[in-house]
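Following the numbering used here, the numbering of the sequence shown begins with 4 at its first residue and continues without gaps. Since the structure comes first, as structure tokens, the remarks are kept for the end.
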Amino acid sequence: MAPYLRPMRWILVWLPALWLVLGGAGLQRPAVVERDFTAQFARHGVRGSFLLFDAPAGQYVAYNPRRCRQRFLPASTFKIPNTLIGLQTGALPDTAEICRWDGVTRSFPQWNQDMTYARALRVSCVPCYQQLARRVGVARYRQWLPRLGYPGMVITPATLDTFWLDGRSRISQFEQVDFLRRLQAETLPVEVRHQRAVKQLLLLKKTPGYALYGKSGWRFRSARNPDNGWLVGWVEHPDGRRAFFALNVEPLPGPLNDDRFLASRRAVTEAILQELGWL
């Protein structure tokens, strides 16, 4: 055979196999089962969408699936990859590192004090994570976010300490769930000890029947945008069964009660998880 034909022969031999692999991957995508959870949302004065990946069944359960594919600012749910990147790059030595209060009094009293980064994640202390962002820097975010498979973030020097709160960064509920599945399985390209440290900080509740992990987020309203809230995480049972979820909500039209809106994220999520038999 002429030398110039050998590459073509290799392509012809492997192309069918490659097609089967890619085609098979497409055919094996998890099904999306639609459910109506309107009542749970309305009961708490919000509207939005809910996505759950039922790992034992290998399928998604979705309320408002089209919206589940819509992208929103991640707000404080970004503290999950932010902490991982900080730990992996050494910008954050460990989660016991103290974040020093800058002396600026803010509307959330729990932020107005020195605290560890473990506590900063749990109370969603934005100023502490802005300090961390400045340590990490633009270049390392641009390097590590693609490695983590955390898409949609737009980072510039001017937006280094706000890009997850405002601007053009966006992520969908499907993308959030995909990221959490890899974190829970400890398959992210980050040292396992860092993944375990972050997972431990996400534990919201543990009972004999289940453990609930999660991180909330709140994109504050502005002249152009309404409030937008997240709760992302997973629930696992003692027998190893797991389900991963992402909730995104906005308040219904009318007077806004911030306390009710904040509470709605977990209330709606737990109501749906109970209905689906996970809590």
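All C-beta atoms, glycine included, are put in the ideal place defined by N, C-alpha and C.
{"Item": "How long is the line joining the alpha carbons of PHE247 and ASN228, rounded to whole angstroms?", "Value": "28 Å"}
{"Item": "Exposed or buried, what is PHE223 when buried is set at 16 or more other beta-carbons lying within 10 Å of its beta-carbon?", "Value": "exposed"}
{"Item": "Whole angstroms is fine: what's the gap from LEU87's alpha carbon to THR162's?", "Value": "20 Å"}
{"Item": "Could you pull the start and end residues of the alpha helix (DSSP H) that ALA42 belongs to?", "Value": "41 to 46"}
{"Item": "Below 8 Å on the Cβ atoms is my guess for LEU255 versus VAL49; work out the distance and round it to an integer in Å.", "Value": "6 Å"}
{"Item": "Put CYS128 into one of helix, strand or coil per three-state DSSP.", "Value": "coil"}
{"Item": "Taking only the alpha-carbon atoms, compute the straight-line gap between ILE275 and ALA65 and give it to the nearest angstrom.", "Value": "11 Å"}
{"Item": "Compute the Euclidean distance between the alpha carbons of PRO68 and GLY106, then round it to the nearest angstrom.", "Value": "44 Å"}
{"Item": "Inspect the beta-carbon positions of SER127 and SER219 and report whether they are closer than 8 Å.", "Value": "yes"}
{"Item": "If we call anything under 8 Å between Cβ atoms a contact, is TRP167 one with PHE81?", "Value": "yes"}
{"Item": "In angstroms, rounded to a whole number, what distance separates the CA positions of PRO241 and ALA58?", "Value": "14 Å"}
{"Item": "Mind checking whether ALA45 and TRP221 have CB atoms under 8 Å apart?", "Value": "no"}
{"Item": "With a floor of 3 residues, list each beta strand (DSSP E) that falls wholly inside the segment 214 to 276, ordered by position along the chain.", "Value": "214 to 222, 231 to 239 and 245 to 254"}
{"Item": "Given that a residue counts as buried once 16 or more other Cβ atoms are within 10 Å of its Cβ, and exposed if not, what is GLY232?", "Value": "buried"}
{"Item": "In terms of residues, what are the limits of the alpha helix (DSSP H) holding LEU90?", "Value": "82 to 92"}
{"Item": "For ALA214 and VAL141, I'd like the C-alpha separation in whole angstroms.", "Value": "35 Å"}
{"Item": "In whole angstroms, what is the alpha-carbon distance linking MET156 and LEU55?", "Value": "23 Å"}
{"Item": "Any idea if PRO258 is buried or exposed, counting beta-carbon neighbours within 10 angstroms, 16 or more meaning buried?", "Value": "exposed"}
{"Item": "Can you give me the start and stop residues for the alpha helix (DSSP H) that ASP181 sits inside?", "Value": "176 to 187"}
{"Item": "From what residue to what residue does the alpha helix (DSSP H) around ARG50 run?", "Value": "From DSSP, ARG50 is part of no alpha helix (DSSP H) but of the beta strand (DSSP E) over 49 to 57."}
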